[in-house]
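Take a look at the structure below.
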Amino acid sequence: MIRSTIHKNILKNLGKKTFLTEFNDITLLKLSAFFHDVGKIKGIKKHELIGADIFEKSISKELSLGSRATKFVSRLIKHHLDVVKLYFLREENKDISEEINFFWYENRDIAGHIFVLTLADIYGTSEDDQFLDKIRLFIIYLQEYYFDFYTKNIIEKPLLSGKEIMEILNLPQSPLIGRIKQQLLKKQIKGEIKTKDQAVSFIRSLKL
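So for the sequence shown, this note's numbering puts the first residue at 154; every next one is plus one.
Pasting the structure below:
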């Protein structure tokens with residue numbers, strides 16, 4: 154099921170991450186699967202966020218995990234519902250291209266792990282084979298979107314540096330420059346800004 158669902162260029166990265174502990178990413182993926190619903194002790198609502206926080210601040214210390222391993226597992230717990238959330242948004246006939254863009258921007262390096270965790274979670278908790286098949290097809294769609302659209306149209310690297318923003322707007326160095334840069338980056342990930350000229354026009358249009 155995994156090999157027929159996850160693209161080979163994404164799947165090949167699984168097992169390649171190493172950490173300061175004796176664990177690799179496959180071991181930590183299994184650990185994530187074990188703890189992914191730990192946040193439910195506080196309730197269902199936002200349990201993925203609560204669970205990530207519990208793991209990072211408590212469980213990881215009990216297990217004596219290093220900071221990189223802790224961050225890796227916490228991210229997987231935090232994002233383990235992302236695929237299902239996106240699926241249900243699309244089922245409501247909503248345009249979710251922006252949400253998919255941000256999914257890939259935030260999770261590109263762990264997307265394969267998230268897909269495996271998603272499939273394992275549904276396979277282990279649902280008796281609805283049809284739903285599992287729908288999620289499998291949706292994961293395939295997410296990967297097609299990534300290779301066919303995201304990589305060709307979305308510019309992740311900021312089109313303007315902080316120094317350029319200061320020069321264009323005649324502003325001194327301050328936290329405001331960082332906020333402007335973040336606003337610009339969000340527009341890039343949304344796919345609304347693709348060129349440097351567009352970036353310049355955007356920051357000039359901001360009401361500071």
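Heads up, the beta-carbon is just placed ideally off N, CA and C, and yes, glycines get one too.
Note that the structure is a prediction, hence the values are computed from the model and not measured.
Let me check understanding here. Comparing Cα to Cα, which of the options lies closest to residue i?
{"i": "V226", "options": "D262, G196, K195 and L239", "result": "D262"}
{"i": "R228", "options": "E209, D350 and L359", "result": "E209"}
{"i": "I159", "options": "P311, L329, I292 and I230", "result": "I292"}
{"i": "Y299", "options": "S327, E251, K360 and V269", "result": "E251"}
{"i": "K316", "options": "S185, G331, E297 and Q351", "result": "G331"}
{"i": "I318", "options": "A222, S354, K224 and L182", "result": "S354"}
{"i": "K183", "options": "A222, K339, L324 and I194", "result": "A222"}
{"i": "D350", "options": "L239, L337 and K198", "result": "L337"}
Would residue i pass as a contact of residue j if the rule is Cβ separation under 8 Å?
{"i": "K271", "j": "V237", "result": "Residue identity differs from the one stated: residue 271 is Thr in this sequence, not Lys. For T271 and V237, yes; Cβs fall inside 8 Å."}
{"i": "I207", "j": "G192", "result": "yes"}
{"i": "E309", "j": "Y276", "result": "no"}
{"i": "I346", "j": "L322", "result": "no"}
{"i": "L202", "j": "K165", "result": "no"}
{"i": "L312", "j": "Q335", "result": "no"}
{"i": "Y294", "j": "N254", "result": "no"}
{"i": "F256", "j": "D286", "result": "no"}
{"i": "K170", "j": "N162", "result": "no"}
{"i": "F188", "j": "G204", "result": "yes"}
{"i": "M344", "j": "I307", "result": "Rather than Met, the amino acid found at residue 344 in this sequence is Gly. Contact flag set, yes."}
Tell me the residue span of the alpha helix (DSSP H) that contains residue i.
{"i": "Q351", "result": "K349 to S358"}
{"i": "N254", "result": "S250 to N260"}
{"i": "Q326", "result": "That residue, Q326, is in no alpha helix (DSSP H); it is neither H nor E in DSSP."}
Inset, instruction - Would you list, in sequence order, the uninterrupted alpha helix (DSSP H) runs of no fewer than 4 residues that lie entirely inside the stretch 159 to 192? - result: 161 to 164 and 178 to 188
Legend entry - Segments assigned alpha helix (DSSP H), at least 4 residues, entirely inside the stretch 199 to 241: Taken in chain order, the complete alpha helix (DSSP H) segments of 4 or more residues contained in the stretch 199 to 241 are 200 to 207 and 220 to 232.
Inset, instruction - Could you name each continuous alpha helix (DSSP H) segment of 4 residues or more that falls completely within the stretch 278 to 317, going from the start of the chain to the end? - result: 282 to 298
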